[in-house]
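Residue numbers (the working numbering): 797 to 1207.
By construction, the Cβ of each residue, glycine as well, lies at the ideal position given by its N, Cα and C atoms.
The model shown is predicted, which means the values in this text are computed figures rather than measured ones.
Comments concern the structure below.
Here is the structure:
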């Protein structure tokens, strides 16, 4: 009994810790959700709450609060936050400072901030700088020309530019050769392995891409960029459970990363963890009510057997979005499961109008036509399904089409 009493304070502390962690995660998700959906005024208030109540996400929230203030044209507040972010190790904040200075008409300060970004960022995105619409106001200035005359690029960035040139020419062998000759030369090998994995990805050789990103991860195990790429490659290789483990780790670090959350929702749906998929997607849809998210919710509910709820999402897409074969196919399959075969046949036919060679759609339209008593059409679509590689069609052809074999041959 005495021992149980001694455990009570520990259990209370543990419960308090878990509760605070859940509240923190909820507040962080809300702040970044508001920011990502463009509700900058509310986002500033939400970031204030996180910064005032917690310390774990201070630096990141200050950085994004600064961007939100910039979007609201509160330049003084933005400048204060962005400067703190630069000092805290966010070189990307320099680019936002540059945008702020351009908006104020301060060209020398803007150029200085871009130069600071190029010097402090480990892997600066030069193409984005040159494409940035706001920076086009600088393009005809002497300061802009002088900036690019300086040798500010690291050896790794020069290699990347050369590799990207050969990728654009589809000369993948040369790209691999350039990377290979620079490995183990005292440069950033993790970055070079990542670069090599990206070349393999463009070639759609996903296993080799995974092999190289694994080498990068072994050098920099905590790199979020490397881990995200690894998850993407695993998904392409249909290794969904392994991908979910990585995406979960990334979300534990950054619960407000909605791109990763939507990736996990898609991946857990494919892995069969439908409850987690639905939870992630509902969080995502609070802030980003996109057609992709609506379609995924319909798919999740379909897989869970909630056909009537799934229909609500597919109906919405078909009523509100540009017609796509996958929308009609998904709704047609759902109608099939509810045994409303006339509606199923209509939607599956509409899907085939847009994508006539889809094997599964042909299969289900054939089965549906059988349910409607249209045996000739049934065999026609089942034969098409078999011709397009749907092996299940053979079983249905044997079952349904003995009596109508001649009709099938005629068609």
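Exposed unless 16 or more other CB atoms sit within 10 angstroms - verdict on residue i
i            : result
residue 862  : buried
residue 1117 : exposed
residue 1051 : buried
residue 993  : buried
residue 811  : Because residue 811 carries a pLDDT of 44, less than 50, the predicted location of this residue cannot be relied on, and the following value inherits that uncertainty. So residue 811 counts as exposed.
residue 941  : exposed
residue 1163 : buried
residue 1152 : exposed
residue 1093 : buried
residue 893  : buried
residue 843  : buried
residue 1190 : exposed
residue 1195 : exposed
residue 920  : buried
residue 1040 : buried
residue 818  : exposed
residue 1077 : buried
residue 1095 : buried
residue 1055 : exposed
residue 1157 : buried
residue 961  : exposed
residue 1165 : buried
residue 898  : buried
Beta-carbon spacing of residue i, residue j below 8 Å
i            : j            : result
residue 918  : residue 896  : no
residue 1024 : residue 1047 : no
residue 1079 : residue 1060 : no
residue 1182 : residue 1193 : yes
residue 1155 : residue 1128 : no
residue 845  : residue 823  : yes
residue 1063 : residue 1031 : yes
residue 907  : residue 948  : no
residue 1150 : residue 1119 : yes
residue 829  : residue 1083 : yes
residue 922  : residue 910  : no
residue 983  : residue 996  : no
residue 930  : residue 913  : no
residue 881  : residue 858  : yes
residue 1006 : residue 1033 : yes
residue 977  : residue 939  : no
residue 1113 : residue 1091 : yes
residue 963  : residue 998  : yes
residue 1081 : residue 1073 : no
residue 1141 : residue 1161 : yes
residue 1123 : residue 1167 : no
residue 974  : residue 958  : yes
residue 1125 : residue 1144 : yes
residue 1022 : residue 1067 : no
residue 831  : residue 850  : no
residue 1049 : residue 1020 : yes
residue 855  : residue 884  : yes
residue 981  : residue 1009 : no
residue 900  : residue 871  : yes
residue 1097 : residue 1105 : yes
residue 916  : residue 887  : yes
Residue interval of the alpha helix (DSSP H) (run including residue i)
i            : result
residue 915  : 903 to 916
residue 935  : Taken as a continuous stretch (DSSP letters only), residue 935 belongs to no alpha helix (DSSP H), as it is neither H nor E.
residue 1197 : It is not in any alpha helix (DSSP H) - residue 1197 carries neither H nor E in the DSSP assignment.
residue 1083 : 1070 to 1083
residue 1062 : 1054 to 1067
residue 895  : 888 to 900
residue 1036 : 1036 to 1049
residue 1101 : Note, residue 1101: premise wrong, no alpha helix (DSSP H); not H, not E.
residue 877  : 871 to 883
residue 923  : 922 to 927
8 Å Cβ cutoff, residue i in contact with chain B
i           : result
residue 976 : As a matter of chain content, chain B is missing from the structure shown, which is built from one protein chain.
Residue i: CB within 7 Å of a non-hydrogen atom of the ligand MG
i           : result
residue 897 : The ligand MG is absent from the structure shown, which contains no ligand whatsoever.
Say whether the segment 1011 to 1031 touches the segment 983 to 997, bearing in mind that this needs 3 or more beta-carbon pairs closer than 8 Å, one atom from each stretch. yes
Below 8 Å, can you find three or more Cβ-Cβ pairs linking the segment 862 to 871 to the segment 832 to 841? yes
What runs of the beta strand (DSSP E), each 3 residues or longer, lie entirely inside the segment 963 to 1030? List check, beta strand (DSSP E) in window: nothing returned.
Cβ contact (3+ pairs, closer than 8 Å) linking the segment 934 to 946 and the segment 968 to 975: no
For the 8 Å Cβ check, are there 3 or more pairs between the segment 1130 to 1141 and the segment 1100 to 1119? yes
Entirely enclosed beta strand (DSSP E) segments - the segment 816 to 858, minimum 3 residues: none
Start-end ranges of the alpha helix (DSSP H) lying completely within the segment 1107 to 1184, minimum 4 residues: 1121 to 1133, 1137 to 1150, 1155 to 1167 and 1171 to 1183
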